[in-house]
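Which chain is which? The protein sequence lines are U and E, in order. The numbers in my numbering rise by one with no breaks, and the one at position 3 of the first sequence is 13. The numbers in my numbering rise by one with no breaks, and the one at position 55 of the second sequence is 65.
Protein chains: 2
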Amino acid sequence: MPSEPTSFSSESYFATQPPPSTLEHDIAGVRNFVARQQASGRNVVLVTSGGTTVPLELNVVRFLDNFSAGTRGATSAEYFLKSGYAVIFMHRQFSLQPFSRHYSHSTNPFLDFLEIDEDQPSSSFSSSHPQISSSSLTSQTSSEPKAATCPSQIGVTPSKRTHLLEVLTAYKQVHASGTLHTLTFVTVNDYLWLLRAVSQELSALNRKAMYYLAAAVSDFFLPRQKMSEHKIQSGKGSLHIEMDQVPKILKPMVDEWTRNGYIVSFKLETDPALLIPKARASLERYGHQVVIGNDLNRRKFEVVFVSRKVSSTPVRLTTGSEDVFEENWLRIDLNQDNDKEIEEDIVRELVKRHEEWVRKEE
Amino acid sequence: MPSEPTSFSSESYFATQPPPSTLEHDIAGVRNFVARQQASGRNVVLVTSGGTTVPLELNVVRFLDNFSAGTRGATSAEYFLKSGYAVIFMHRQFSLQPFSRHYSHSTNPFLDFLEIDEDQPSSSFSSSHPQISSSSLTSQTSSEPKAATCPSQIGVTPSKRTHLLEVLTAYKQVHASGTLHTLTFVTVNDYLWLLRAVSQELSALNRKAMYYLAAAVSDFFLPRQKMSEHKIQSGKGSLHIEMDQVPKILKPMVDEWTRNGYIVSFKLETDPALLIPKARASLERYGHQVVIGNDLNRRKFEVVFVSRKVSSTPVRLTTGSEDVFEENWLRIDLNQDNDKEIEEDIVRELVKRHEEWVRKEE
Chain U
11 MPSEPTSFSS ESYFATQPPP STLEHDIAGV RNFVARQQAS GRNVVLVTSG
61 GTTVPLELNV VRFLDNFSAG TRGATSAEYF LKSGYAVIFM HRQFSLQPFS
111 RHYSHSTNPF LDFLEIDEDQ PSSSFSSSHP QISSSSLTSQ TSSEPKAATC
161 PSQIGVTPSK RTHLLEVLTA YKQVHASGTL HTLTFVTVND YLWLLRAVSQ
211 ELSALNRKAM YYLAAAVSDF FLPRQKMSEH KIQSGKGSLH IEMDQVPKIL
261 KPMVDEWTRN GYIVSFKLET DPALLIPKAR ASLERYGHQV VIGNDLNRRK
311 FEVVFVSRKV SSTPVRLTTG SEDVFEENWL RIDLNQDNDK EIEEDIVREL
361 VKRHEEWVRK EE
Chain E
11 MPSEPTSFSS ESYFATQPPP STLEHDIAGV RNFVARQQAS GRNVVLVTSG
61 GTTVPLELNV VRFLDNFSAG TRGATSAEYF LKSGYAVIFM HRQFSLQPFS
111 RHYSHSTNPF LDFLEIDEDQ PSSSFSSSHP QISSSSLTSQ TSSEPKAATC
161 PSQIGVTPSK RTHLLEVLTA YKQVHASGTL HTLTFVTVND YLWLLRAVSQ
211 ELSALNRKAM YYLAAAVSDF FLPRQKMSEH KIQSGKGSLH IEMDQVPKIL
261 KPMVDEWTRN GYIVSFKLET DPALLIPKAR ASLERYGHQV VIGNDLNRRK
311 FEVVFVSRKV SSTPVRLTTG SEDVFEENWL RIDLNQDNDK EIEEDIVREL
361 VKRHEEWVRK EE
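Structure follows, in structure tokens:
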């Protein structure tokens, strides 16, 4: 059923696409968090992270996705926390999270660095398997393992202890201080509804709020009204998908949802020639503060900050955008220091710029 | 650029689409593993798990995906190992894996049940952060924490110890016995090339090999020749995608790649009325042993085994398929036993059927 693409403004989007069922609950949690941070005088940053999905069916089997493990967002969130910010971490379900990111299943699986004390009696796999004899296991839980001196039969491989202790200490401190609030999205629709609601709550902080939009958001979506109810059947030749454009959400974000918030968006390209022109066009169109441009294959060690020159007024000049914008490149040398994460430098630079931004209020 | 969909046979597929770069290395590992299991007389099952992607661009930013966390495959692999099988676990990168699946980041994050012994000196987050002061951390690694009686400052929360010890014990035993071999795919192209190669290696085991195809494989793909090099640009209206059908891989798998292997495929539907007819059609078309049918919303507690009646010959009867096939439903009562996993019953039933299948050889 080929049909004309619909052009959605953000108003028509929210008027026709249903909100996620957990939205009210999520907003209440954010409101509470923002109020606590406001009372403590902390700056708050919203970090969005991971890719959004576009379901092709109402009963979701197939979906379009955007490539993102969530490394940029999860890593940056850790450095913002370290810099004294409170963080609302709005991320794609199952994407990387601050702290636990150091121990993803594939690169550093945690079961590999736990050890069993061989001197203690241990049960055998064949006689008692997890889940299977769960009822008998439960009854054993009350009588703790018979370790006299140590509280557990389970230990950490020596070479991994120092790093784990660092991560764990940071994790526990952040939880104890209540400076990290986590939200989850899956679809681009979840993302758009959440972003609007969180931005509106966070606008209470005025200039002390930063918006760090690192999520990889789909440019296209399939309106609810065009979606197939059941799994699209194969066997009928090729698959045709026709999608509509996601509304340009930065526009209402800058103009309506936030008040003087410091907004940082990202541009990911694979063609280097497009990076700067597209970043500038974005700043011209939406009028926010910074675009961080990155090339898909160089993003771990090189990014560019594109922003309006401090001296220039936010009025578009007829002489062209060269005079209005400036680029600042951040690069790290992975050969010299391969433990270095570029997010450390990104966050340091943003914190500095945000401090200046906050001072303008005074 | 609208173009006619191409119809790919499996021959033309492999003749025109490039193999993944790691294929030769992966095959060598599988060959070695199969030889060791053959020497020990073990049955081997290939478990495929997780969803495949269809990249829309050569420099991948966007892709089509199939919904699957990999729960069915990862859970089944554990029960196969417990039943004495050796397992080749061929899974989507970052999808769930046997054992570590119990501690996914979201449902049971492992940092939450580790504790720091407060009596021991611990470093503070603000003064030493992971990665940042990594050089000074490295130098500390040689001087272990000053625990006198216990080997680590890090302990496991008491309520989690018993279950973790069970999982960890099983994990270590499987690693020590060398009965689990893990392979990774991302795209549907990776999957198809790997499946063919692994099947060919595993066919050395003849009837003692089982193929448990639980991965959620795309029915459609975008041939290399039609792919856009760079990120598809938005701003040009709607997105049109036209994909070709993935060749029906079960056909050559049954007829050419495996020799008398026991092949189990899965059918996931959202429309209950389609489940049995489609499972029967699949058996008729490909002539393999079992189709396990499951409904998207009931798959955790209900599946159906569709297979040829033991008495009937593999010739299609003109009286219709009702006389040729039989259905066996497996259901578990989640209210009665909510720790029970249906994969335990699925694997028990398959092991029984496979044993009969192996005996036919004698």
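Here a beta-carbon is modelled for each residue, glycine too, at the ideal position from N, C-alpha and C.
Between GLU365(E) and LEU174(U), what straight-line distance do the alpha-carbon atoms span, to the nearest angstrom? For this step, residue 365(E) is matched to residue 355 along the second sequence. For this step, residue 174(U) is matched to residue 164 along the first sequence. Distance between the alpha carbons of GLU365(E) and LEU174(U) is about 45 Å.
Contacting residues, own chain, Cβ-Cβ under 7 Å from ARG234(U) (five flanking each side not counted): Numbered from its first residue, the first sequence carries residue 234(U) at position 224. The answer, listed in chain order, is GLN27 and PRO28.
In whole angstroms, give me the CA-to-CA distance for TRP367(E) and THR280(E). Stepping through the second sequence from its first residue, residue 367(E) is reached at position 357. Stepping through the second sequence from its first residue, residue 280(E) is reached at position 270. Approximately 32 Å between the Cα atoms of the pair.
Suppose only complete runs of 3+ residues qualify. What are the beta strand (DSSP E) ranges in the segment 52-112 of chain E, listed by chain order? 54-59, 63-65, 72-76 and 96-102
Taking only beta-carbon atoms, is MET100(U) less than 7 Å away from chain E? As a working mapping, residue 100(U) is identified with position 90 in the first sequence. No, its Cβ sits nowhere closer than 7 Å to a Cβ of chain E.
For ASN199(E), does the three-state DSSP call read helix, strand or coil? Numbered from 1 along the second sequence, position 189 holds the residue referred to as residue 199(E). Looking at ASN199(E) - three-state DSSP - the assignment turns out to be helix.
Contact with chain E by THR62(U), beta-carbon distance below 7 Å: In the first sequence, counting from the first residue as 1, residue 62(U) sits at position 52. By this cut-off, THR62(U) is not an interface position.
Span of the alpha helix (DSSP H) holding GLY364(U)? On the first sequence, position 354 is the one that residue 364(U) refers to. Reading off the sequence shown, one finds His at residue 364(U), where the question assumed Gly. First-last of the alpha helix (DSSP H) with HIS364(U): 352-369.
Using only the alpha-carbon positions, how far apart do HIS250(U) and PHE73(U) sit? To locate residue 250(U), count along the first sequence from 1; it is residue 240. To locate residue 73(U), count along the first sequence from 1; it is residue 63. Their backbone Cα atoms lie some 13 Å apart in a straight line.
Does the segment 195-209 of chain U come close enough to the segment 217-233 of chain U to have 3 or more Cβ pairs within less than 8 Å? yes
Report, in whole angstroms, the separation of the C-beta atoms of LEU106(E) and SER93(E), which I expect to be a contact under 8 Å. As a first step, residue 106(E) must be located in the second sequence, where it is residue number 96. As a first step, residue 93(E) must be located in the second sequence, where it is residue number 83. About 19 Å separates the two Cβ atoms, so there is no contact after all.
Buried or exposed: HIS35(E), going by 16 or more other Cβ atoms within 10 Å of its Cβ? Here residue 35(E) corresponds to residue number 25 of the second sequence, with the count starting at 1. That one is exposed.
Need the endpoints of the beta strand (DSSP E) that VAL184(E) sits in, please. Sequence index remark: in the second sequence, residue 184(E) carries index 174 (1-based). Premise fails: VAL184(E) lies in the alpha helix (DSSP H), 168-187, not in any beta strand (DSSP E).
Listed by chain order, chain E residues near SER22(U) by CB distance under 9 Å: Working through the first sequence from its first residue, we reach residue 22(U) at position 12. Neighbours of SER22(U) on chain E: none; closest Cβ ~15 Å, over 9 Å.
Taking all protein chains shown into account, decide if ARG369(U) is buried (16 or more other Cβ within 10 angstroms of its Cβ) or exposed. Translated into the one-based positions of the first sequence, residue 369(U) becomes position 359. Flag for ARG369(U) reads exposed.
Terminal residues of the continuous beta strand (DSSP E) containing LYS277(U)? Mapped onto the first sequence, residue 277(U) falls at position 267. Residues 272-279.
Among the candidates LEU293(E), ARG52(E) and ASN199(E), whose CA atom is the shortest distance from the CA of ARG318(E)? Stepping through the second sequence from its first residue, residue 318(E) is reached at position 308. The shortest C-alpha separation from ARG318(E) is found at LEU293(E).
Determine the chain U residues that contact PHE458(E) at a beta-carbon separation under 8 Å, and present them in chain order. Outside the displayed span of chain E (11 to 372) sits residue 458(E), for which this structure offers no information.
Would you call THR268(U) buried or exposed, if buried means 16 or more other Cβ atoms sit within 10 Å of its Cβ? Working through the first sequence from its first residue, we reach residue 268(U) at position 258. The residue is buried, with at least 16 neighbouring Cβ atoms inside 10 Å.
Less than 7 Å between CB atoms is the rule here; does HIS191(E) satisfy it with respect to chain U? Along the second sequence, read from residue 1 onward, the residue named residue 191(E) stands at position 181. Not closer than 7 Å to any Cβ of chain U, the Cβ of HIS191(E) fails to qualify, so no.
Using DSSP's beta-bridge definition, name the partner residues of GLY165(U). Working through the first sequence from its first residue, we reach residue 165(U) at position 155. Its beta-bridge partners are GLU125(U).
Can you pull out the residues from the segment 250-263 of chain U whose beta carbon lies closer than 7 Å to at least one beta carbon of chain E? HIS250, ILE251, GLU252, MET253, ASP254 and GLN255
Please report the distance separating the alpha-carbon of ASN199(E) from that of ASP229(E). Here the question's residue 199(E) lines up with position 189 in the second sequence. Here the question's residue 229(E) lines up with position 219 in the second sequence. In a straight line, the C-alpha of ASN199(E) is about 12 Å away from that of ASP229(E).
Between SER248(E) and chain U, is the shortest Cβ-Cβ distance under 7 Å, so that the two count as touching? Your numbering for residue 248(E) matches position 238 in the second sequence. Interface residue, yes.
Examine chain U for any beta-carbon lying closer than 7 Å to the beta-carbon of THR280(E), and answer yes or no. Residue mapping note: residue 280(E) aligns to position 270 of the second sequence, counting from 1. Judged by the 7 Å Cβ criterion, THR280(E) is in contact with chain U.
CB contact below 7 Å: PHE77(E) versus chain U: Taking the first residue of the second sequence as 1, we reach residue 77(E) at position 67. So yes, PHE77(E) belongs to the interface.
Am I right that PHE123(U) and LYS170(U) are in contact with their C-beta atoms under 8 Å? What's the rounded C-beta distance? Translated into positions along the first sequence, residue 123(U) becomes position 113. Translated into positions along the first sequence, residue 170(U) becomes position 160. PHE123(U) to LYS170(U), Cβ: 4 Å. Contact.
If you count every other CB in all the chains shown that lies within 10 Å of the CB of ASP75(E), and 16 or more means buried, which is it? Within the second sequence, numbered from 1, the residue matching residue 75(E) stands at position 65. By the neighbour-count rule (16 or more Cβ atoms within 10 Å), ASP75(E) is buried.
Rounded C-alpha distance that separates ASN338(U) from PHE18(U): Along the first sequence, one-based indexing puts residue 338(U) at 328. Along the first sequence, one-based indexing puts residue 18(U) at 8. So the two alpha carbons sit approximately 34 Å from each other.
Roughly how many angstroms separate the alpha carbons of THR85(E) and GLU354(E), rounded to a whole number? Position 75 of the second sequence holds residue 85(E). Position 344 of the second sequence holds residue 354(E). If I take the Cα positions, the gap works out to 8 Å.
Can we count ASP229(U) as close to the ligand PLP, meaning its CB is less than 6 Å from some heavy atom? For the structure depicted, the ligand PLP is absent and the ligand set is empty, with no information on it obtainable.
Taking PRO108(U) and ALA79(U) to be in contact with their CB atoms under 8 Å, please state how far apart those CB atoms are, rounded to whole angstroms. Sequence index remark: in the first sequence, residue 108(U) carries index 98 (1-based). Sequence index remark: in the first sequence, residue 79(U) carries index 69 (1-based). Not confirmed; about 14 Å, so no contact.
With a threshold of 7 Å between beta-carbons, can TYR95(E) be considered close to chain U, or not? Mapped onto the second sequence, residue 95(E) falls at position 85. By this cut-off, TYR95(E) is not an interface position.
Beta-carbon of ALA224(U) versus every beta-carbon of chain E: anything under 7 Å? For the purposes of this step, residue 224(U) is identified with residue 214 of the first sequence, where counting begins at 1. Cβ-Cβ to chain E under 7 Å: no for ALA224(U).
Tell me whether the beta-carbon of LEU56(U) lies closer than 7 Å to the beta-carbon of LEU212(U). In the first sequence, the residue the question calls residue 56(U) occupies position 46. In the first sequence, the residue the question calls residue 212(U) occupies position 202. Contact flag set, yes.
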